[in-house]
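Residue numbers (the working numbering): 11 to 141.
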């Protein structure tokens, strides 16, 4: 998969009235998103936590608003894996890196996958007493 730089507006709309992003990060084109990479990204419990948090949000979420019990560098790694797999879009807003699920792309490419994974993750969290 060859990552490309996607303008922020192409994947995640800027917040209403917010400034445009100051720099763009590379994201895979929807045609380059592969099921194996998406499944790999979703297979890690920390990354699944991130995806669950983003799925519950009605807007973009800053990395710092998704607390993970790992170091900052490991958190950065998890977000990068999700972005490079095409699961999330990341864009800078000032000094914050904002994140959103690429739900429309994933639903178009793999109908029902994200909803099934999220439902299973929620059921598991309820069973084992996680948030």
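Idealized CB from N, CA, C, for every residue including glycine.
Pair within 8 Å by beta-carbon distance, residue 123 and residue 65: Working through the chain shown from its first residue, we reach residue 123 at position 113. Working through the chain shown from its first residue, we reach residue 65 at position 55. The answer is no: Cβ separation not under 8 Å.
In chain order, each beta strand (DSSP E) run of at least 3 residues that lies wholly inside the stretch 98 to 132: 98 to 103 and 106 to 111
Determine the direct distance from the alpha carbon of residue 33 to that of residue 101, and round the result to whole angstroms. Position 91 of the chain shown, counting from 1, holds the residue named residue 101. Position 23 of the chain shown, counting from 1, holds the residue named residue 33. The straight-line gap from Cα to Cα measures roughly 7 Å.
Is any non-hydrogen atom of the ligand FMN found closer than 7 Å to the C-beta of residue 65, if you look at the structure I gave you? In the structure shown, the ligand FMN is absent, as is every other ligand, since no ligand is present at all.
So does the stretch 66 to 85 actually touch the stretch 112 to 126, counting three or more Cβ pairs closer than 8 Å? no
Would you be able to state if there are at least three C-beta pairs under 8 Å between the stretch 65 to 79 and the stretch 103 to 111? As far as the Cβ criterion goes, the stretch 103 to 111 touches the stretch 65 to 79, which means the pair count is three or higher.
What are the boundary residues of the alpha helix (DSSP H) that residue 65 is part of? On the chain shown, residue 65 is found 55 positions in, with the first residue counted as 1. Start and end: 55 to 66.
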